[in-house]
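What follows is a short report on a single structure.
Residue numbers (our numbering): 200 to 319.
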């Protein structure tokens, strides 16, 4: 989803890589990313501040995209999922490329299936 949104925004793939890694296991980072990479993060709470400190303690190049309170954060993925579950319009809250993938992957139905009570 992130890659699709970046592509749509004109960010060339050769300039940015999005790599999930076990954030709580810094000893494994070297298996996921080059340690001379720049680590981007947004900070909304103490966990974000701890991540920044952890990166800096490891000597990793860190760039904070923004640091705001949780109240100022704005829309979250959870907000979009909640709208999907309530049958509200969510598509205007995400980039068109993301909307297309969420629909293609039938995410709304998958969320509803997960939220449905288990049969007796």
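Glycine residues also receive a C-beta, built at the ideal position from the N, C-alpha and C atoms.
Boundaries (first-last residue) of the alpha helix (DSSP H) holding residue i
| i | result |
| --- | --- |
| residue 306 | 306-314 |
| residue 300 | 295-303 |
| residue 237 | Where residue 237 is concerned, there is no enclosing alpha helix (DSSP H), although the beta strand (DSSP E) it sits in stretches over 237-242. |
| residue 210 | Counting along the chain, residue 210 falls outside any alpha helix (DSSP H), and DSSP gives it neither H nor E. |
C-alpha gap between residue i and residue j, whole angstroms
| i | j | result |
| --- | --- | --- |
| residue 310 | residue 224 | 29 Å |
| residue 229 | residue 220 | 10 Å |
| residue 200 | residue 258 | 29 Å |
| residue 290 | residue 254 | 34 Å |
| residue 304 | residue 233 | 31 Å |
| residue 300 | residue 312 | 18 Å |
Proximal residues to residue i (C-beta, below 8 Å), its chain only, five neighbours per side dropped
| i | result |
| --- | --- |
| residue 208 | 294 |
| residue 247 | 240, 241 and 266 |
Three-state secondary structure assigned by DSSP to residue i
| i | result |
| --- | --- |
| residue 227 | helix |
| residue 264 | strand |
| residue 232 | coil |
| residue 216 | coil |
| residue 257 | coil |
| residue 290 | helix |
| residue 269 | helix |
| residue 274 | coil |
For residue i, the first and last residue of its enclosing beta strand (DSSP E)
| i | result |
| --- | --- |
| residue 207 | Looking at the DSSP string, residue 207 is not in any beta strand (DSSP E); the run it does join, the alpha helix (DSSP H), is 201-207. |
Under 8 Å between C-beta atoms of residue i and residue j
| i | j | result |
| --- | --- | --- |
| residue 296 | residue 204 | yes |
| residue 314 | residue 284 | yes |
| residue 231 | residue 218 | yes |
| residue 239 | residue 262 | yes |
| residue 237 | residue 260 | yes |
| residue 292 | residue 274 | yes |
Own chain residues within Cβ distance below 6 Å of residue i, not counting five before or after
| i | result |
| --- | --- |
| residue 241 | 264 and 265 |
The ligand NAD heavy atom lying under 7 Å from the CB of residue i
| i | result |
| --- | --- |
| residue 216 | Among the components modelled here there is no ligand, and therefore nothing to report on the ligand NAD. |
Cβ neighbours of residue i in the same chain (closer than 7 Å, five flanking residues each side left out)
| i | result |
| --- | --- |
| residue 272 | 243 |
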